[in-house]
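So my numbering is basically just the index in the sequence shown, starting at one, shifted up by 1251.
No residue lacks a Cβ here, since even glycine has one placed at the ideal position from N, Cα and C.
Remember, predicted model here, so these are calculated numbers, not experimental data.
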Amino acid sequence: MADNNLDQGITAFQKGDKALAVTHFSKYVIENPGSEIGWLWLGHSLDDLDKRKYCYNRVLRINPSNQEAKKKLSNLVNQQFTAPNQPSTKALPKTILEKESIKPNNNRIPVYLIWGIIGFISAVFIIGFLFLILMNNRVSANNIETTPSLIALAITPSETFTPANMKTPTSSPTITATSDFSVMAGPYIAQAEVQISQKQYAQAIQSLDQAIKLNPNSDKAYFLRATSYYKLLENQRSQTEFQDYVDYGLDDIDKAISIEPAIGEYYMLRQDLLIKFVGNLDYRADRFHVNSYAAENALMAWSLGVSTTSTGVDRIYVIDLIYAGKCDEGLEKSQQLIDQTSPQDTTITGLYHIQSNAYICLGEINEAIKMVNKSMVNPLGMEWKKQLLATYLYQAGRNKEALKIINELIEASPNYGGERYYLRAAIEYELGNKEKAEEDLYIGAGNTWFHAGLYSYVLGKLALEDGHTEEGIYLLQNAEATLEVLYNPLREKILKELKTLGMPPLEITPSVFVDVTSIPTIVPRPTSSIKASTPIPGINYPSGIENAIVFDPKTGAGKVVLKPGDYPLLVFQPSESIKFKYVKKIVFNVASFTETTPPSLQIAIYHPDGGWRMIDNIIWGENEMPNPVGVVYPTGSIVFAIRNYGTENVTIDNLTVTVFLEAEDGGSIKLGPE
């Protein structure tokens, strides 16, 4: 409650409501008598000079070096001596100016009793002082005259209000367009640093919100808040919220860099956030685009110097180059770093496995295997090195060796890292174990947000083998467009297979960094908690599912009216559970009996693993979902949201969904309107 009074007081003060501000600040300092920031704000909010002086003196008793309080006291003294028509001290009776000293009483009083009386009187005085402030505040709240034009400029209280008990000076004080509130941001920043050191990142964000409110030009506050959002990503289980935190962090670090562009750590944090951003991108073209930008930031951090990363910035720069598809440059830079490092330096092994990435990027599988094996002299990062080796061996056709390694990795750590299951599925398929391959695809999909790359490749091969040529081609095209550089040899193999099938690869244009609002919109407040992670269940539902609109596939959702900003959750739910092998096609029919202009709508389909799949550019009529793999629940249900991002109501006369499934016996299943 105390912190609420402080926050509410600051808000009231900044809105120009001094009366309400005084009420909140008074309550706050009663509960927190040792708070210098509380007494400081109370002093700013009062009109009475003596009461203000008392508050600033209280601040200096707590912190004698508080420059803000010293400055305010100095201003008050100057204001008193320059105000006209003040009574002259010469006119006062001599008895007031020159009090005679009182001789001490011979009766001795115990020292502890004297201090007890002094402490009691002080406590009574403070409480009485604050009580008078509160009472006076209630009486005079409606009599305060404000100057709106000055309040809009955020001038300090002494400059925006004329105290009722003072005569107006003959000359106005000098007005400036800025205030000294930035000094008050310091305690909040210091508090946030402590919270970050204790891994209280959500609390640190709240402290930094206040700091930025007081000093919107503090690069350090933005940097620390971006750091907090970055740290919250470690245990985030919601993909939508994960992406929101990345966005907030990038926005904050951009502001920090715009204020202070010469600090290497700022660029390094932006690089880290960009790599997190890459993790949510499916298409390689998008990843190349962002990784190139990440490399630019790593290079800037390298040139400015940093001290906040355990991995050398020079090495991170090389990795970014490789994952941006700049394989030759990555190989050249990695070799330069190897040449500059002593062979006796154990950290050189890290450069070996980085260079193996460059070799596989160039399609040189044997060199990649050689370098990653060479890196294993040092056990540091061995799990990742083994996964790299299994990846290379698989593409070299050495499937049994690769299977042995990947089995050991999954057995040691079965949760998360879903792409390890995809790799094992690909190996099992090559070895003729189709059922095991399908099982690994299912388990892997429940342990990662990424459902493309090897996942699409194995599904495509299975579809082609079952005679579903169109589905198989689409999945192979998707696999080729989404596999990362570590699978470049496999990509070449897919391109040859597509050519044999008479189909070209997908042409993907980078589409990231556009202004798109996610569905559903998440309020930008930290909700993650730092706790032990738990595996993602095989099947999840989005929050708010209990309030979703459930409709019969045969009839549709009926008439739906969406106001601007609406994004209701709907459930396509068959009357009976449906068993199927995989999804072939999903079509959303958005019907209007009168409209012809394309509606301002977006549809997002919820994936049972926790993520959303977007359909933009909705038209009246049929809208087919690209890559519908995995979005249908085992029962045949589909959960989706539809959002009106425009400024006017959108009326849908009927909304239906048609789903085409491959049955377990090889037949076809159609769900939807008859």
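Entirely enclosed alpha helix (DSSP H) segments - the stretch 1697 to 1748, minimum 4 residues | Entirely contained in the stretch 1697 to 1748, the alpha helix (DSSP H) runs reaching 4 residues are, in chain order, 1705 to 1716 and 1720 to 1733.
Under three-state DSSP, which class holds Ala-1855?
-> Position 604 of the sequence shown, counted from the start, is the residue given in the question as residue 1855. Looking at Ala-1855 - three-state DSSP - the assignment turns out to be strand.
Along the chain, where does the beta strand (DSSP E) that runs through Leu-1682 open and close?
-> Residue 1682 sits at position 431 when you count from the first residue of the sequence shown. Careful: Leu-1682 lies outside any beta strand (DSSP E) and carries neither H nor E.
Residue nearest to Ile-1526 in terms of C-alpha spacing, selected from Ser-1558, Leu-1572 and Arg-1488 | Residue mapping note: residue 1526 aligns to position 275 of the sequence shown, counting from 1. For the options Ser-1558, Leu-1572 and Arg-1488, the alpha carbon positioned closest to that of Ile-1526 is the one of Leu-1572.
Look up Arg-1894 in the DSSP assignment and say whether it is helix, strand or coil.
-> For the purposes of this step, residue 1894 is identified with residue 643 of the sequence shown, where counting begins at 1. Reduced to three states, the DSSP call for Arg-1894 is strand.
Per DSSP, cross-strand counterpart(s) of Gly-1872 = Residue numbering aside, residue 1872 sits at position 621 when the sequence shown is read from its first letter. Per DSSP, Val-1841.
From the DSSP output, read off the bridge partner residues of Ser-1316.
-> Here residue 1316 refers to the residue found at position 65 when the sequence shown is read from its first residue. DSSP output for Ser-1316 lists no bridge partner at all.
State the Cα-Cα distance for the pair Val-1263 and Leu-1271, rounded to the nearest angstrom.
-> Here residue 1263 refers to the residue found at position 12 when the sequence shown is read from its first residue. Here residue 1271 refers to the residue found at position 20 when the sequence shown is read from its first residue. Looking at the sequence shown, residue 1263 is not Val but Ala. When the Cα atoms are used, Ala-1263 and Leu-1271 turn out to be separated by approximately 6 Å.
Coil, strand or helix - Arg-1488 by DSSP = By one-based count along the sequence shown, residue 1488 stands at place 237. Residue state, collapsed to three classes: coil.
What do you reckon, are the CB atoms on Val-1557 and Glu-1615 nearer than 8 Å?
-> The residue you call residue 1557 lines up with position 306 of the sequence shown. The residue you call residue 1615 lines up with position 364 of the sequence shown. No. Outside cutoff.
In chain order, what residues of the same chain lie with their CB nearer than 6 Å to the CB of Thr-1898, ignoring the 5 residues before and after it?
-> Position 647 of the sequence shown holds residue 1898. Excluding positions up to five away in sequence, the list reads Pro-1815.
Roughly how many angstroms separate the alpha carbons of Ala-1619 and Tyr-1693, rounded to a whole number?
-> Looking up residue 1619 in the sequence shown gives position 368. Looking up residue 1693 in the sequence shown gives position 442. The alpha-carbon atoms of Ala-1619 and Tyr-1693 are separated by roughly 30 Å.
State the Cα-Cα distance for the pair Asp-1495 and Leu-1483, rounded to the nearest angstrom.
-> The residue labelled residue 1495 in the question sits at position 244 within the sequence shown. The residue labelled residue 1483 in the question sits at position 232 within the sequence shown. Asp-1495 and Leu-1483: Cα-Cα distance of roughly 11 Å.
Residue nearest to Val-1908 in terms of C-alpha spacing, selected from Ile-1514, Gly-1923 and Tyr-1568 | For the purposes of this step, residue 1908 is identified with residue 657 of the sequence shown, where counting begins at 1. In terms of CA proximity to Val-1908, Gly-1923 leads the group Ile-1514, Gly-1923 and Tyr-1568.
Test item: CB-CB of Pro-1825 and Pro-1849 under 8 Å = Reading the sequence shown from its first residue, position 574 is the one you call residue 1825. Reading the sequence shown from its first residue, position 598 is the one you call residue 1849. In this structure, Pro-1825 lies away from Pro-1849, with their beta-carbon atoms at least 8 Å apart.
Say whether the stretch 1827 to 1835 touches the stretch 1860 to 1875, bearing in mind that this needs 3 or more beta-carbon pairs closer than 8 Å, one atom from each stretch.
-> Verdict: no, contact absent.
Indicate the three-state DSSP secondary structure (helix, strand or coil) for Leu-1199 in the structure shown.
-> The requested residue 1199 does not occur in the structure, where the chain is confined to residues 1252 to 1925.
Where Ile-1256 falls, given that 16 or more other Cβ within 10 Å makes a residue buried = Mapped onto the sequence shown, residue 1256 falls at position 5. This sequence places Asn at residue 1256; Ile is not what is there. Buried, by the Cβ-count rule.
Selected residue, minimal CA-CA separation from Val-1564, among Asn-1548, Tyr-1452, Asn-1868 and Ile-1611 = One-based indexing of the sequence shown puts residue 1564 at position 313. Closest option to Val-1564, Cα to Cα, is Asn-1548.
Since I believe Tyr-1473 is in contact with Lys-1506 (beta carbons under 8 Å), could you give me their beta-carbon distance rounded to a whole number of angstroms?
-> Position 255 of the sequence shown, counting from 1, holds the residue named residue 1506. Position 222 of the sequence shown, counting from 1, holds the residue named residue 1473. That belief holds up - the Cβ atoms of Lys-1506 and Tyr-1473 are roughly 5 Å apart, short of 8 Å.
Could you name the residues of the same chain whose beta carbon sits closer than 7 Å to that of Glu-1643, not counting the 5 residues immediately before and after it, in chain order?
-> What you label residue 1643 is simply residue 392 of the sequence shown in a count that begins at 1. Just to set this straight, residue 1643 is Tyr in the shown sequence, not Glu. Ile-1611, Ile-1616, Ala-1619, Ile-1620 and Val-1623.
Mark Ile-1206 as exposed unless 16 or more other C-beta atoms lie within 10 angstroms of its C-beta, in which case mark it buried.
-> Any question about residue 1206 goes unanswered here, given that the chain covers just 1252 to 1925.
Who are the Cβ neighbours of Gly-1285 in its own chain at under 7 Å, not counting the five residues just before and after it?
-> By one-based count along the sequence shown, residue 1285 stands at place 34. If you ignore the 5 residues before and after Gly-1285, its C-beta comes within less than 7 Å of the C-beta of Ile-1313, all in its own chain and listed in chain order.
Three-state secondary structure (DSSP) at Lys-1835?
-> Within the sequence shown, the letter at position 584 stands for residue 1835. Look at Lys-1835 here: in three-state DSSP terms it is strand.
For Gly-1872, does the count of other Cβ atoms within 10 angstroms reach 16, so buried, or fall short, so exposed?
-> On the sequence shown, residue 1872 is found 621 positions in, with the first residue counted as 1. So Gly-1872 ends up on the exposed side.
Can you tell me which of the three DSSP states Ile-1889 falls into?
-> Sequence index remark: in the sequence shown, residue 1889 carries index 638 (1-based). Of the three classes helix, strand and coil, the one that applies to Ile-1889 here is strand, per DSSP.
For the stretch 1454 to 1462 against the stretch 1434 to 1445, are there 3 or more C-beta pairs whose distance is under 8 Å?
-> When C-beta atoms of the stretch 1454 to 1462 are compared with those of the stretch 1434 to 1445, three or more pairs fall below 8 Å, so the two segments count as touching.
State the beta-bridge partners of Val-1801 as determined by DSSP.
-> As a first step, residue 1801 must be located in the sequence shown, where it is residue number 550. Within the DSSP secondary-structure output, Val-1801 pairs in a beta bridge with Val-1822.
Measure the beta-carbon distance from Ala-1892 to Tyr-1818 and round it to whole angstroms, keeping in mind my assumption that it falls under 8 Å.
-> Position 641 of the sequence shown, counted from the first residue, corresponds to residue 1892. Position 567 of the sequence shown, counted from the first residue, corresponds to residue 1818. Going by Cβ atoms, the distance from Ala-1892 to Tyr-1818 rounds to 5 Å, so yes, they are a contact pair.
Near Arg-1671, which residues of its chain fall below 7 Å by C-beta distance, leaving aside the five closest residues on each side in sequence?
-> Numbered from its first residue, the sequence shown carries residue 1671 at position 420. Around Arg-1671, the same chain offers Gln-1638, Ile-1657, Leu-1660 and Ile-1661 as residues with beta carbons nearer than 7 Å, after the five sequence neighbours per side are excluded.
Run the CB neighbour count on Met-1519, radius 10 Å, all protein chains shown included, and call it buried at 16 or more, exposed below.
-> As a first step, residue 1519 is located in the sequence shown; it is residue number 268 there, counting from the start. By the 10 Å Cβ count, Met-1519 comes out buried.
Could you tell me the distance, in whole angstroms, from the CA atom of Glu-1748 to the CA atom of Tyr-1738?
-> Residue 1748 sits at position 497 when you count from the first residue of the sequence shown. Residue 1738 sits at position 487 when you count from the first residue of the sequence shown. When only Cα atoms are considered, Glu-1748 and Tyr-1738 end up about 15 Å apart.
Would you kindly work out how many angstroms separate the C-alpha atoms of Ala-1688 and Ile-1678, rounded to a whole number?
-> Your numbering for residue 1688 matches position 437 in the sequence shown. Your numbering for residue 1678 matches position 427 in the sequence shown. Rounded to whole angstroms, the separation of the alpha carbons of Ile-1678 and Ala-1688 is 8 Å.
Measure the CB-CB distance between Leu-1820 and Pro-1793 and report whether it falls below 8 Å.
-> As a first step, residue 1820 must be located in the sequence shown, where it is residue number 569. As a first step, residue 1793 must be located in the sequence shown, where it is residue number 542. Result yes, Cβ atoms of Leu-1820 and Pro-1793 sit closer than 8 Å.
Is the beta carbon of Asp-1579 sitting closer than 8 Å to the one on Trp-1700?
-> Counting from 1 along the sequence shown, the entry for residue 1579 is found at position 328. Counting from 1 along the sequence shown, the entry for residue 1700 is found at position 449. Against a cut-off of 8 Å, the Cβ pair of Trp-1700 and Asp-1579 comes out as no contact.
Cα-Cα separation between Arg-1729 and Gly-1711, rounded to whole angstroms | As a working mapping, residue 1729 is identified with position 478 in the sequence shown. As a working mapping, residue 1711 is identified with position 460 in the sequence shown. The question names Arg, but residue 1729 is Asn in the sequence shown. Each residue's Cα considered, the two are about 9 Å apart.
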